[in-house]
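Numbering (the numbering used here), first residue to last: 7 to 275.
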């Protein structure tokens, strides 16, 4: 299991005063920190902003960062965390199918794009024949990478497959591209070894990359790829979580998204 990258506790002592859906946090529950898992980078940064706001309102919140896209769901499913925020619903659906998690989406948060990046190619039309192209290796994000390559005009996929499309469904590959499927967290590190790499803005920004250098992106305005808070069915209505989501979906966090990321990350509320 991948170790924690960092852990940050933002602990308050007074009663939680914010409300969501008309439910208030009572004294006993407010004294127990709400634990939210995420991945390092922009999503964690937005959660930190919300956690500081929550602390000022008297709510105890702990943000726990991970280095991968598996452990945050494991931690929620086993009860180590109360909820997480790092994934879109198609990814969650695939994870539930593969691992049998009892997890549910609770509320939408932000839309986080994916892009094609390169250190050797300045224009998509200049991608050389036989070049290596790296995409994510989990099924849903591999499909997302393939659709992005199709959007870039580099290949053609069998139509109608959506999130289920795989490399085997490539029907035209005029440049004879060699498609490599790698762990999403490793993709920023292979840029010097491939012509193109599909990189989530999560890992791009965490590695010091600039979203403006993308040759092409997806996800902008596409609610299909909205990252959502996820919890267990038996705690999806936890008033502490509801209060924190209300704080997260605040004008202050929305302004942070605009000021820090200039529109690359979009609020979905």
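Glycine included, C-beta positions come from ideal geometry on N, C-alpha and C.
Keep in mind it's a predicted model, so treat the numbers as computed, not measured.
task: Note down, one range per segment and in chain order, each beta strand (DSSP E) of at least 3 residues found wholly within the region 160-229.
output: 176-178, 184-188, 202-206, 222-224
message: Between which residues of its own chain and residue 167 is the CB-CB distance below 8 Å, once the five residues before and five after are set aside?
response: 149, 175
message: Using C-beta distances below 8 Å, list every residue in its chain close to residue 142, excluding the 5 sequence neighbours before and after it, in chain order.
response: 148, 150, 151, 187, 188, 189, 190, 193, 204, 206
message: Quick check on DSSP: helix, strand or coil for residue 158?
response: coil
task: Report buried or exposed for residue 240, applying the criterion of at least 16 other Cβ atoms within 10 angstroms of its Cβ.
output: exposed
- prompt: With distances taken between CB atoms, is the gap from residue 275 to residue 246 smaller than 8 Å?
  reply: no
Closest Cα partner of residue 258 within the set 127, 180, 53: 53
Residue 88 beta carbon less than 8 Å from that of residue 237: yes
task: Figure out for me which residue from 104, 92, 103 has the closest Cα to the Cα of residue 43.
output: 92
message: Quick check: the Cα distance between residue 221 and residue 127, rounded to an integer number of angstroms?
response: 9 Å
- prompt: Just checking, does the region 124-140 make contact with the region 63-70 on the three C-beta pairs under 8 Å criterion?
  reply: no
field: Residues bridged to residue 41 [DSSP beta-bridge criterion]
entry: 68
message: Please tell me whether residue 183 and residue 161 are closer than 8 Å, where the distance is taken between their beta carbons.
response: yes
- request: Within the same chain, show all residues whose beta-carbon is closer than 6 Å to that of residue 96, passing over the 5 residues directly before and after it, in chain order.
  value: 146, 169
field: Spatial distance of residue 84 from residue 78 (CA atoms)
entry: 10 Å
field: Residue(s) in a DSSP beta bridge with residue 90
entry: 43, 236
- prompt: Anyone know if the C-beta pair for residue 208 and residue 45 falls short of 8 Å?
  reply: yes
message: Checking the sheet assignment: what are the DSSP bridge partners for residue 123?
response: 203
- prompt: Taking C-beta to C-beta, are residue 267 and residue 48 nearer than 8 Å?
  reply: yes
- request: Work out the CA separation of residue 100 and residue 125 for me, nearest whole Å.
  value: 31 Å
- prompt: Hey, residue 271 and residue 163: beta-carbon distance below 8 Å or not?
  reply: no
- prompt: For residue 234, does the count of other Cβ atoms within 10 angstroms reach 16, so buried, or fall short, so exposed?
  reply: buried
- prompt: Could you give the C-beta distance for residue 122 and residue 59, rounded to a whole number, given that I count them as a contact under 8 Å?
  reply: Residue 122 to residue 59, Cβ: 35 Å. No contact.
- prompt: Quick one: what does DSSP say residue 256 is sitting in, helix, strand or coil?
  reply: coil
task: Quick one: give me the first and last residue of the alpha helix (DSSP H) that residue 110 is part of.
output: It is not in any alpha helix (DSSP H) - residue 110 instead sits in the beta strand (DSSP E) that spans 110-117.
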